[in-house]
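Those letters in the sequence shown? Residues 2 to 417, per the numbering used here, in order.
Working notes, structure below.
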Amino acid sequence: MKAQEISPGTQARAEDVAQQERGEHLSTHFAGRRWPIFKLTLGTGVLTVLTLGLYRFWQKTRIRRWYWSAIRPGGHPLDYVGEPFEKLLGFLIAVVILAFYIGIVNLGLMFASFAVFQGNTAAYALSFVGVIPIWFYARYRARRYVLARTRWMGLRFGLAPGAWGFALRALWHWLLTLITLGLLWPRMTFKLEKYRTDRTWFGDHSMEQGGSWFMLFWCIKWHLFALGLLFVSTVVLGAGLAPLAILGYILAGLMLLFGAVYYRVETRKRMAGAKRLGPIRLQLVLSPFRVFWILLSGYALALLVSAIPTAFLGVLFLRLQSADTLTEVGMENVSQLFSGADRWLLVGMTAMSYFAVFLIWSAVTQAWVTLPLTRLYARGLRIDGAESLPAIHQRPRDDHLEAEGFAEALDVGASL
């Protein structure tokens with residue numbers, strides 16, 4: 002009897018299962034699908050609009066729980082135990098603190114600006130600069146809250162206090178990066194991630210970021226290629242070859258876009274490979290080209306789908322404007338077609354179309370950008386040395402009073 006042929010993919014999966022059973026490593030699986038997250042994002046988005054934004058704390062909690070339950074290292078799903086009331090209370094606390102801080106600081110800056118410079122320009126500039134460290138502070142506090150409310154196999158994650166230390170370091174490294182025209186960007190990336198990683202805990206074990214910032218330096222190579230092409234294109238333009246120079250500028254722009262994606266992916270891969278949790282190691286296998294394609298195709302689809310309610314909104318807006326114009330020029334008899342209930346119907350449809358643009362954009366990008374990227378990162382993550390996991394014990398709960406309040410109030414992109 003002829004032996005059954007086994008494909009290389011089946012054999013690889015069988016070897017992976019066998020290795021997990023021997024405790025050599027744990028692969029990460031992702032169980033989420035596009036349609037459920039699309040419906041969840043769209044439905045909670047509608048509720049957020051109807052409640053004038055109040056439901057967004059529930060929306061964020063539900064979406065985060067969905068993603069966490071879909072990410073399953075070693076087959077064990079992550080668990081997010083954050084509560085929407087925590088986020089709402091934290092937001093209110095942060096708003097009160099920020100209002101007091103910004104009000105007092107701006108009053109002092111405005112007084113000093115008029116006294117010294119006879120104007121308010123300096124006050125506005127210094128006020129903006131004064132918010133920057135709070136922005137970094139908010140990002141660290143948001144990460145601390147998310148980790149404190151994340152569990153895996155019943156064990157809590159955590160992040161030690163140090164938000165102001167992170168904010169001061171971020172300001173210093175950004176200053177060095179600007180002074181060096183971006184050459185020390187890899188150094189800033191590594192130093193800030195090391196600060197956060199060295200304060201991260203899983204159970205009663207702390208993590209450590211190994212390596213050095215030099216391992217990230219060549220991650221900016223696409224930016225260097227793009228700058229070189231920009232220089233050459235400028236020389237070509239000076240020589241009178243405008244079409245060739247324009248082509249060079251377009252290619253340089255594409256290089257810069259891809260370079261931003263490549264830098265983010267490669268730095269995460271290299272730093273993940275250098276992270277330690279005692280004897281436990283991480284490995285992240287990821288293709289920057291795949292990430293770039295997901296971003297490009299996903300946002301293109303979102304633009305295409307969102308164009309439908311946008312066009313409808315434009316038509317309704319023009320009809321409302323035409324009615325006002327007819328009234329202004331004295332053609333009241335024609336404008337009566339848009340009066341009364343018909344006009345209010347147009348106003349209502351215009352408002353609905355306006356919100357529909359943002360709701361559809363959010364739902365489509367969630368299903369065709371965020372989900373594919375999360376799935377790609379999850380499936381590329383591997384945990385080595387998993388046989389040491391039973392030695393990890395529970396850590397105390399972090400109350401974290403203001404939750405993500407500062408991140409919500411300053412809108413620093415801490416959605417997931």
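Cβ coordinates follow ideal geometry from the N, Cα and C atoms, glycine included.
CA-to-CA distance, W294 to F31, given in whole angstroms: Each residue's Cα considered, the two are about 20 Å apart.
Beta-carbon proximity of M256 to A227, cut-off 7 Å: Less than 7 Å divides the Cβ of M256 from the Cβ of A227.
Leaving out the 5 sequence neighbours to the left and right, which residues in its chain are closer than 6 Å to H394 when beta-carbon positions are compared? Scanning its chain for C-beta atoms nearer than 6 Å, with the 5 sequence neighbours on each side dropped, one finds around H394 the residues G204 and D205, in chain order.
Over what stretch of residues does the beta strand (DSSP E) that includes L283 continue unbroken? Segment I281 to L285, the beta strand (DSSP E) holding L283.
H77, DSSP secondary structure in three states: Note: H77 maps to coil in three-state DSSP.
Pull up the distance between the alpha-carbon of R188 and that of Y378, whole angstroms please. Near 23 Å, if we compare the C-alpha coordinates of Y378 and R188.
Same chain, Cβ closer than 6 Å to P78, neighbours up to 5 away in sequence not counted: Contacts found: S70.
Give me the residue from G229, G166 and L160 with the minimum Cα distance to R200. For R200, the closest alpha carbon among the candidates G229, G166 and L160 is that of L160.
Measure the alpha-carbon distance for H26 versus P310 and round it to whole angstroms. Approximately 48 Å, taken between the alpha carbons.
Any idea which residues DSSP pairs T178 with across the strands? Answer is none; T178 lacks a bridge partner.
Let's test the definition: count the other Cβ atoms within 10 Å of the Cβ of P373 and tell me whether it reaches 16, buried, or not, exposed. Around the beta carbon of P373, 16 or more other beta carbons sit within 10 angstroms, so the residue counts as buried.
Bridge partners for W136 per DSSP, in chain order? DSSP output for W136 lists no bridge partner at all.
In the DSSP assignment, the alpha helix (DSSP H) including S28 goes from what residue to what residue? Run containing S28: none in the alpha helix (DSSP H); it sits in the beta strand (DSSP E), H26 to F31.
The segment 159-179 in contact with the segment 129-139 per 3-pair CB rule at 8 Å: When Cβ pairs closer than 8 Å are counted between the two stretches, the segment 159-179 is seen to touch the segment 129-139, the count reaching three or more.
Below 8 Å on the Cβ atoms is my contact criterion, and I expect T42 with Q367 to pass it. Report the Cβ-Cβ distance as a whole number of Å. Going by Cβ atoms, the distance from T42 to Q367 rounds to 4 Å, so yes, they are a contact pair.
Is DSSP giving H394 helix, strand or coil here? Per DSSP, reduced to three states, the secondary structure at H394 is coil, with no helix or strand assignment.
Span of the alpha helix (DSSP H) around L193: Its alpha helix (DSSP H) spans residues W186 to T198.
For the beta strand (DSSP E) containing F158, list its first residue and its last residue. That run of the beta strand (DSSP E) goes L156 to L160.
Which parts of the segment 200-254 are runs of the beta strand (DSSP E), unbroken and 3 residues or longer, counting only runs that do not cross its ends? Taken in chain order, the complete beta strand (DSSP E) segments of 3 residues or longer contained in the segment 200-254 are 201-203.
Using the C-alpha atoms, what's the distance from A139 back to L172? When rounded, the distance between both Cα atoms is 14 Å.
Measuring alpha carbon to alpha carbon, tell me which residue in Y102, G33, R57 and L148 is nearest P397. With respect to the C-alpha of P397, the residue from Y102, G33, R57 and L148 having the closest C-alpha is L148.
Buried or exposed: where does F92 fall if 16 or more other Cβ atoms within 10 Å of its Cβ makes it buried? Classification for F92: buried.
What's the C-alpha gap between E209 and A95? Approximately 31 Å between the Cα atoms of the pair.
Which same chain residues, not among the five before or five after V306, have their C-beta less than 7 Å away from its C-beta? Closer than 7 Å at the Cβ level, and outside the excluded window around V306, lie I361 and V365.
Quick one: is the Cβ of W219 within less than 6 Å of any heavy atom of the ligand ADP? Looking for the ligand ADP in the displayed structure turns up nothing, as the structure carries no ligands at all.
Other residues of its chain near K276: CB distance less than 8 Å, five sequence neighbours each side excluded: The answer, listed in chain order, is T198, M208, E209, Q210, G211, R282 and L283.
Rounded to whole angstroms, what's the CA-CA distance from W36 to S213? Just pull it up for me. Those two C-alpha atoms are separated by around 42 Å.
Rounded separation between A1 and V47 - CA only: The shown model of the chain, from 2 to 417, leaves out residue 1, and the question about it has no answer.
In terms of alpha-carbon separation, which member of A253, G83, E84 and R142 lies closest to H224? With respect to the C-alpha of H224, the residue from A253, G83, E84 and R142 having the closest C-alpha is A253.
Less than 7 Å between the beta carbons of L193 and L285, yes or no? Inclusion of L193 and L285 in the CB contact set at 7 Å is not warranted, their separation being larger than that value.
From which residue to which residue does the alpha helix (DSSP H) around T42 run? From DSSP, the alpha helix (DSSP H) with T42 extends over R35 to L51.
Rounded to whole angstroms, how far is the Cβ of K61 from the Cβ of K40, which I believe are closer than 8 Å? Beta-carbon to beta-carbon, K61 and K40 are separated by about 16 Å, too far to satisfy the 8 Å threshold.
If we ignore side chains and look at the alpha-carbon of each, how far apart do Y68 and R269 end up? Taking the CA atoms as reference points, Y68 sits about 20 Å from R269.
Just to confirm my understanding: we take G249, look at its own chain, exclude 5 residues before and 5 after, and list those with CB closer than 6 Å. What are they? The beta carbon of G249 sits closer than 6 Å to those of L230 and S234, all from its chain and outside the five residues before and after it, given in chain order.
Roughly how far, in whole angstroms, is the beta-carbon of G75 from the beta-carbon of A387, given that I think they are within contact range, below 8 Å? The pair is a contact, with the Cβ atoms about 7 Å apart (cut-off 8 Å).
Rounded to the nearest angstrom, what separates L242 and F259 at their Cα positions? Rounded to whole angstroms, L242 to F259 spans 26 Å at the Cα level.
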